[in-house]
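Visitor:
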Amino acid sequence: MFGHTRTTLAHRHALIAPDGHVPSTFPGWSDATAFVIISPAMGADLSQILITFEPSGGSAYFPADEHEHVIYVETGTCEVHLADQVIPLATTGFAFIPPETAFTLQGTAATRLTVFRKIYEFHLDLDLPPLLHGLASAIPGEPFLGNPRALLQTLLPIDPRYDMAVNIFTYQPGATLPFVETHIMEHGLLMLSGDGIYRLENSYYPVTAGDAIWMAPYCPQWFAAIGDTPASYLYYKDVHRLP
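Residues 7 to 249 (our numbering) make up the sequence shown, in order.
Structure, rendered in structure tokens:
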């Protein structure tokens, strides 16, 4: 419909639908396009970036600074080029890149990446978290609070050196979060598959694959999967630091 979008930006949450995506390019990038879905410009403490590549492939450079990154490959393949190694990632592949580490993403035409980016919160008693990578499809889902119809895959170690968590939640049709959550953790979220209803504060939004959501700290939140197929989403939250 002309002039219509499901995108909504509120004070403490946002639903960003793909129909409103606008591309960006950055210094050091070649034949790669960024869609900055979530950023501090909207009041968030993280950035969530969708990256796509030209038919001949392309590269996206991230300099060494205070930011840490998690890369998740939605579709296709890419390589993470670091100073001393190259990490190949296939579909559902992920990598954690610690702060003060420069890297370049080399992708193909079919590749879509989501990158979570935030300033690392240093702790005097903790070393920097190490680089790691893996395949989300190889990580078993664990029943969330004992519910076998809502499975949680934990991508990063539960280790206080990491000040972020990145997980995948998969719900069978009709499954829900067991209660309306209200907590200090901020979320950046990408719907990977299926359909659902997301409660954000006092509003209820239909969501589908490709939608992104920002939830500020203490934003009441709840999800229900609808439709005939499972619904899954990738999400970030900040952890392991005193407020």
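We put the CB at the ideal spot given by N, CA and C, even for glycine.
The model shown is predicted, which means the values in this text are computed figures rather than measured ones.
Does the stretch 204–216 come close enough to the stretch 10–19 that 3 or more CB-CB pairs lie under 8 Å?
Guide: These segments touch.
Visitor: Pull up the distance between the alpha-carbon of isoleucine 174 and that of histidine 189, whole angstroms please.
Guide: Start at 1 with the first residue of the sequence shown, and residue 174 comes out as number 168. Start at 1 with the first residue of the sequence shown, and residue 189 comes out as number 183. The alpha-carbon atoms of isoleucine 174 and histidine 189 are separated by roughly 19 Å.
Visitor: Here's a check: name, in chain order, each residue in its chain whose Cβ is nearer than 6 Å to the Cβ of serine 45, leaving out the five neighbours to either side.
Guide: Taking the first residue of the sequence shown as position 1, residue 45 is located at position 39. Excluding residues within five positions, the ones whose Cβ falls inside 6 Å are Ser53.
Visitor: Taking the alpha carbon of alanine 96 as the reference point, which residue from Ala144, Ile103, Arg155 has its own alpha carbon closest?
Guide: Numbered from 1 along the sequence shown, position 90 holds the residue referred to as residue 96. Ranking Ala144, Ile103, Arg155 by Cα distance to alanine 96 puts Ala144 first.
Visitor: Rounded to the nearest angstrom, what separates glutamine 227 and alanine 181 at their Cα positions?
Guide: Your numbering for residue 227 matches position 221 in the sequence shown. Your numbering for residue 181 matches position 175 in the sequence shown. Approximately 15 Å, taken between the alpha carbons.
Visitor: Below 8 Å on the Cβ atoms is my guess for leucine 157 versus threonine 98; work out the distance and round it to an integer in Å.
Guide: What you label residue 157 is simply residue 151 of the sequence shown in a count that begins at 1. What you label residue 98 is simply residue 92 of the sequence shown in a count that begins at 1. About 15 Å separates the two Cβ atoms, so there is no contact after all.
Visitor: Which residues mark the beginning and the end of the beta strand (DSSP E) in which threonine 188 is found?
Guide: One-based indexing of the sequence shown puts residue 188 at position 182. No beta strand (DSSP E) contains threonine 188, which DSSP labels as neither H nor E.
Visitor: CB alanine 237 to CB glycine 194, shorter than 8 Å?
Guide: Here residue 237 is taken as the residue at index 231 of the sequence shown, counted from 1. Here residue 194 is taken as the residue at index 188 of the sequence shown, counted from 1. The answer is no: Cβ separation not under 8 Å.
Visitor: Between which two residues does the beta strand (DSSP E) containing tryptophan 228 stretch?
Guide: Reading the sequence shown from its first residue, position 222 is the one you call residue 228. Start and end: 227–232.
Visitor: By the 10 Å Cβ neighbour count, where 16 or more other Cβ atoms means buried, how is leucine 28 classified, buried or exposed?
Guide: Locating residue 28 in the sequence shown gives position 22, where the first residue counts as 1. Just to set this straight, residue 28 is valine in the shown sequence, not leucine. Exposed, by the Cβ-count rule.
Visitor: Does DSSP put aspartate 244 in a helix, in a strand, or in coil?
Guide: Start at 1 with the first residue of the sequence shown, and residue 244 comes out as number 238. Here aspartate 244 sits in strand by DSSP.
Visitor: So is glutamate 74 buried or exposed if we call it buried at 16+ other beta carbons inside 10 Å?
Guide: Reading the sequence shown from its first residue, position 68 is the one you call residue 74. With 16 or more Cβ atoms within 10 Å of its Cβ, glutamate 74 is classed as buried.
Visitor: I'd like the list of long-range same chain contacts for alanine 116, defined as Cβ closer than 7 Å, with 5 residues on each side in sequence excluded.
Guide: By 1-based counting over the sequence shown, the position of residue 116 is 110. Thr81, Gly82, listed in sequence order.
Visitor: Whole angstroms is fine: what's the gap from proline 163's alpha carbon to leucine 183's?
Guide: Within the sequence shown, numbered from 1, the residue matching residue 163 stands at position 157. Within the sequence shown, numbered from 1, the residue matching residue 183 stands at position 177. Going by the C-alpha atoms only, they are around 23 Å apart.
Visitor: Within its chain, find whatever has a CB closer than 6 Å to the CB of valine 76; leave out the 5 residues flanking it on each side and keep chain order.
Guide: Within the sequence shown, the letter at position 70 stands for residue 76. Correct list, in chain order: Phe102, Phe122, Val172.
Visitor: Write down the C-beta distance between isoleucine 43 and alanine 218 rounded to the nearest angstrom, noting that I regard them as a contact closer than 8 Å.
Guide: Locating residue 43 in the sequence shown gives position 37, counting from the first residue. Locating residue 218 in the sequence shown gives position 212, counting from the first residue. Correct: roughly 4 Å between the Cβ atoms.
Visitor: Taking the continuous beta strand (DSSP E) assigned at aspartate 201, which residues delimit it?
Guide: Taking the first residue of the sequence shown as position 1, residue 201 is located at position 195. That run of the beta strand (DSSP E) goes 201–206.
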